[in-house]
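Beneath this line is the structure, given in structure tokens, with notes to follow.
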Amino acid sequence: MNISDYLSALLLIAGGLFFLAGTLGLLRFPDIYTRLHALTKADNVGLGLMVAGLAIQADSWAVVGKLLLIWGLVLLAGASVAYLIANGALKRGIRLWRR
Amino acid sequence: MLFDALLGLLLLGLAWLLLSCRDLFKAIVLFVAFGLLMAIVWVRLDAPDVALAEVAIGAGLTGALLMSALAKLPVDNPPGRYSNEKTHWLLPLTLALMLLLVASGLGYALWSLPVIAPGLSGEVAANLEQSGVSNPVTAVLLNFRGYDTLLEIVVLLLALLGVWSLNSLDATPATAEKPANLVLDTLMRLLVPLLILVAAYLLWAGANSPGGAFQAGAVLAAAGVLLLLAGWRLPTALAGLPLRLALVAGPVAFITLAALTLLNARLLELPVEHAGMLILLLETFAMFSIGVTLAALFLGQRPQERGGSA
Numbered sequence: 085m086n087i088s089d090y091l092s093a094l095l096l097i098a099g100g101l102f103f104l105a106g107t108l109g110l111l112r113f114p115d116i117y118t119r120l121h122a123l124t125k126a127d128n129v130g131l132g133l134m135v136a137g138l139a140i141q142a143d144s145w146a147v148v149g150k151l152l153l154i155w156g157l158v159l160l161a162g163a164s165v166a167y168l169i170a171n172g173a174l175k176r177g178i179r180l181w182r183r
Numbered sequence: 003m004l005f006d007a008l009l010g011l012l013l014l015g016l017a018w019l020l021l022s023c024r025d026l027f028k029a030i031v032l033f034v035a036f037g038l039l040m041a042i043v044w045v046r047l048d049a050p051d052v053a054l055a056e057v058a059i060g061a062g063l064t065g066a067l068l069m070s071a072l073a074k075l076p077v078d079n080p081p082g083r084y085s086n087e088k089t090h091w092l093l094p095l096t097l098a099l100m101l102l103l104v105a106s107g108l109g110y111a112l113w114s115l116p117v118i119a120p121g122l123s124g125e126v127a128a129n130l131e132q133s134g135v136s137n138p139v140t141a142v143l144l145n146f147r148g149y150d151t152l153l154e155i156v157v158l159l160l161a162l163l164g165v166w167s168l169n170s171l172d173a174t175p176a177t178a179e180k181p182a183n184l185v186l187d188t189l190m191r192l193l194v195p196l197l198i199l200v201a202a203y204l205l206w207a208g209a210n211s212p213g214g215a216f217q218a219g220a221v222l223a224a225a226g227v228l229l230l231l232a233g234w235r236l237p238t239a240l241a242g243l244p245l246r247l248a249l250v251a252g253p254v255a256f257i258t259l260a261a262l263t264l265l266n267a268r269l270l271e272l273p274v275e276h277a278g279m280l281i282l283l284l285e286t287f288a289m290f291s292i293g294v295t296l297a298a299l300f301l302g303q304r305p306q307e308r309g310g311s312a
């Protein structure tokens, strides 16, 4: 293993931790808005770290471009869908969680 | 090895969960998750073509279709209302016995298979050069077994005809014009051109790597579903003849080619020198029809035509 292998392993593990935290938030947070917060924040950064880790190992720049495109699409879809779900929940009168 | 075992167990567990789940919405979500895991299984089995189709059609579009069907169900339909009925103890016992019989029969059939079964892959590889493409899956689907694909496309069309004829029984009014959600609208405007590009890429890539008409058609249909969800409706001028032409373009192209090849008394046997071109042409028409048909299935009713009844 050389330095780039260690670097991508580090990035992948860090990304996995973000996914773990996001899943934990989805399961444990009290209402739909906080769960969305946990999911989107964690998945966007987690996937970004994973893409970075995989891009280091990629054979060509074309593969890096494809990986970045996937990340961009997920960012776009994740942010939009989170807004749509939260907006729909607000319109249905689901209250924000208060301690 | 451990990963595969875990994957298999997870698949079985998900299947059980989704079958025993009483909440229909939850069952659909579980079904989509099942489809995604199934796609990973196909990748592990070195079948990326099937994995692509599974993700796009099995998980994505079927999930959307089920959701739209659920939205059309009456709300006061209590889920799982059959489960409270008292059944005689003989019924479950008989069912269990019959299932056991089928399962043991299947198990025996699997057991008696030869360990190494090459199937026809050797012959496909030997004749690949004559097919006009270098992806063996595309070669089989569009050239060696073209009539299977022809029938599959016709089945899709028949399904849509079934949906349309059922729907005319209760004429649901066309959805009222809603103010479009700005975020959804922007997302749609960004994604739809990209989806069309991806569909074209999948179609082109199908000649020498995983991809092809069905996957590309499913991506096109995803663009259609997104448009429909964002409140876009087919202009009434296009809902009549143009829509029907788009729906039958694939089958008609296939049948025309079949008729032409039949002149030489060789049904769908493509001439070697033009095979690559013909396959691309066939796939383009098929992709177009598959995409439009799947999106129309999602709409679930005949689109409103100009002047006529819905």
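These protein sequence lines are chains A and B, in that order. Numbering-wise (the working numbering), the first sequence opens with residue 85 and increments by one. Numbering-wise (the working numbering), the second sequence opens with residue 3 and increments by one. All C-beta atoms in this analysis are idealised placements derived from N, C-alpha and C, irrespective of residue type, glycine included.
CB contact flag (residue i, residue j, <8 Å)
{"i": "B:Phe36", "j": "B:Leu20", "result": "yes"}
{"i": "B:Arg46", "j": "B:Leu9", "result": "yes"}
{"i": "A:Leu123", "j": "A:Trp155", "result": "no"}
{"i": "B:Gly109", "j": "B:Ala224", "result": "no"}
{"i": "A:Leu151", "j": "A:Leu138", "result": "yes"}
{"i": "A:Leu159", "j": "A:Leu133", "result": "no"}
{"i": "A:Leu120", "j": "A:Ile169", "result": "yes"}
{"i": "B:Val142", "j": "B:Val157", "result": "no"}
{"i": "B:Leu75", "j": "B:Ile30", "result": "no"}
{"i": "B:Ser70", "j": "B:Phe300", "result": "yes"}
C-alpha gap between residue i and residue j, whole angstroms
{"i": "A:Thr118", "j": "B:Leu152", "result": "50 Å"}
{"i": "B:Glu154", "j": "B:Gly121", "result": "22 Å"}
{"i": "B:Leu39", "j": "A:Phe103", "result": "17 Å"}
{"i": "B:Thr295", "j": "B:Pro305", "result": "12 Å"}
{"i": "B:Ala215", "j": "B:Glu285", "result": "5 Å"}
{"i": "B:Leu159", "j": "B:Met289", "result": "13 Å"}
{"i": "B:Leu103", "j": "B:Leu280", "result": "47 Å"}
{"i": "B:Leu269", "j": "B:Asn137", "result": "22 Å"}
{"i": "B:Ala105", "j": "B:Leu115", "result": "16 Å"}
{"i": "B:Thr258", "j": "B:Leu186", "result": "41 Å"}
{"i": "B:Leu101", "j": "B:Gly107", "result": "10 Å"}
{"i": "B:Thr89", "j": "B:Leu13", "result": "30 Å"}
{"i": "A:Gln141", "j": "A:Val147", "result": "10 Å"}
{"i": "B:Leu54", "j": "A:Arg182", "result": "44 Å"}
{"i": "B:Thr188", "j": "B:Val52", "result": "32 Å"}
{"i": "B:Leu197", "j": "A:Ser144", "result": "24 Å"}
{"i": "B:Ser133", "j": "B:Ala241", "result": "37 Å"}
{"i": "B:Asp172", "j": "B:Pro244", "result": "Bear in mind that a pLDDT of 48 at B:Asp172, under 50, signals an unreliable position, so the model cannot answer this."}
{"i": "B:Leu272", "j": "B:Ala17", "result": "42 Å"}
{"i": "B:Ala267", "j": "B:Ala128", "result": "24 Å"}
{"i": "B:Trp91", "j": "B:Leu97", "result": "10 Å"}
{"i": "B:Arg50", "j": "B:Ser211", "result": "This sequence places Pro at residue 50 of chain B; Arg is not what is there. When rounded, the distance between both Cα atoms is 9 Å."}
{"i": "A:Gly99", "j": "A:Val129", "result": "7 Å"}
{"i": "B:Ala7", "j": "B:Asp150", "result": "33 Å"}
Among the options, the one whose alpha carbon lies nearest that of residue i
{"i": "B:Val135", "options": "B:Ala17, B:Gly213 and B:Ala61", "result": "B:Gly213"}
{"i": "B:Leu222", "options": "B:Gly233, B:Leu193, B:Asn210 and B:Leu247", "result": "B:Leu193"}
{"i": "B:Phe287", "options": "B:Ala7, B:Thr258 and B:Ala251", "result": "B:Ala251"}
{"i": "B:Pro283", "options": "B:Leu163, B:Asn145 and B:Trp18", "result": "Reading off the sequence, residue 283 of chain B comes out as Leu, not Pro. Nearest C-alpha to B:Leu283: B:Asn145."}
{"i": "B:Leu184", "options": "B:Trp166, B:Leu231 and B:Pro195", "result": "B:Leu231"}
{"i": "B:Phe27", "options": "B:Leu68, B:Trp44 and B:Leu103", "result": "B:Leu68"}
{"i": "B:Gln302", "options": "B:Pro195, B:Ala261, B:Val227 and B:Thr89", "result": "According to the sequence shown, residue 302 of chain B is Gly rather than Gln. Comparing Cα-Cα distances from B:Gly302 to each of B:Pro195, B:Ala261, B:Val227 and B:Thr89, the minimum goes to B:Val227."}
{"i": "B:Leu163", "options": "B:Gly15, B:Ala298 and B:Ala7", "result": "B:Ala298"}
{"i": "B:Thr140", "options": "B:Ala218, B:Leu247, B:Leu168 and B:Trp18", "result": "B:Ala218"}
{"i": "B:Arg191", "options": "B:Tyr149, B:Ala261 and B:Trp234", "result": "B:Trp234"}
{"i": "B:Leu229", "options": "B:Pro195, B:Ala161 and B:Gly208", "result": "B:Pro195"}
{"i": "B:Phe33", "options": "B:Ala66, B:Leu205, B:Leu262 and B:Ala7", "result": "B:Ala66"}
{"i": "A:Arg179", "options": "A:Ile116, A:Leu101, A:Ala98 and A:Ile97", "result": "A:Ile116"}
{"i": "B:Gly148", "options": "B:Gly15, B:Ala260, B:Ser70 and B:Gly278", "result": "B:Ala260"}
{"i": "A:Ser92", "options": "A:Pro114, A:Val135, A:Ala166 and A:Arg112", "result": "A:Val135"}
{"i": "B:Val43", "options": "B:Asn210, B:Asp25 and B:Leu11", "result": "B:Leu11"}
{"i": "B:Ala246", "options": "B:Trp166, B:Ser211, B:Ala49 and B:Leu99", "result": "The identity of residue 246 of chain B in the sequence shown is Arg, whereas the question assumes Ala. For the residues B:Trp166, B:Ser211, B:Ala49 and B:Leu99, the minimum Cα distance to B:Arg246 belongs to B:Trp166."}
Per-residue burial, residue i [other beta carbons within 10 Å of its own, 16 or more giving buried]
{"i": "B:Gly124", "result": "exposed"}
{"i": "B:Ala58", "result": "buried"}
{"i": "B:Pro237", "result": "exposed"}
{"i": "B:Glu56", "result": "buried"}
{"i": "B:Val117", "result": "exposed"}
{"i": "B:Pro253", "result": "buried"}
{"i": "B:Ile292", "result": "buried"}
{"i": "B:Thr174", "result": "At B:Thr174, the pLDDT of 48 sits below 50, so the modelled position is not reliable; the number obtained from the coordinates is stated separately. It is exposed - the Cβ of B:Thr174 has fewer than 16 other Cβ atoms within 10 Å."}
{"i": "A:Gly172", "result": "exposed"}
{"i": "A:Met85", "result": "exposed"}
{"i": "B:Leu168", "result": "exposed"}
{"i": "A:Asp127", "result": "buried"}
{"i": "A:Ser88", "result": "exposed"}
{"i": "B:Gly60", "result": "buried"}
{"i": "B:Ser311", "result": "At B:Ser311, the pLDDT of 44 sits below 50, so the modelled position is not reliable and the matter cannot be decided from this model."}
{"i": "A:Gly177", "result": "exposed"}
{"i": "B:Gly208", "result": "buried"}
{"i": "B:Ala178", "result": "Low confidence applies to B:Ala178: its pLDDT is 48, below 50, so where it sits in the model is not reliable, and the reading given next is rough at best. Its Cβ having fewer than 16 others within 10 Å, B:Ala178 is exposed."}
{"i": "B:Ala176", "result": "Any reading at B:Ala176 needs caution, since the residue's pLDDT is 49, under 50, leaving its predicted position unreliable; the model's value is listed next. Exposed."}
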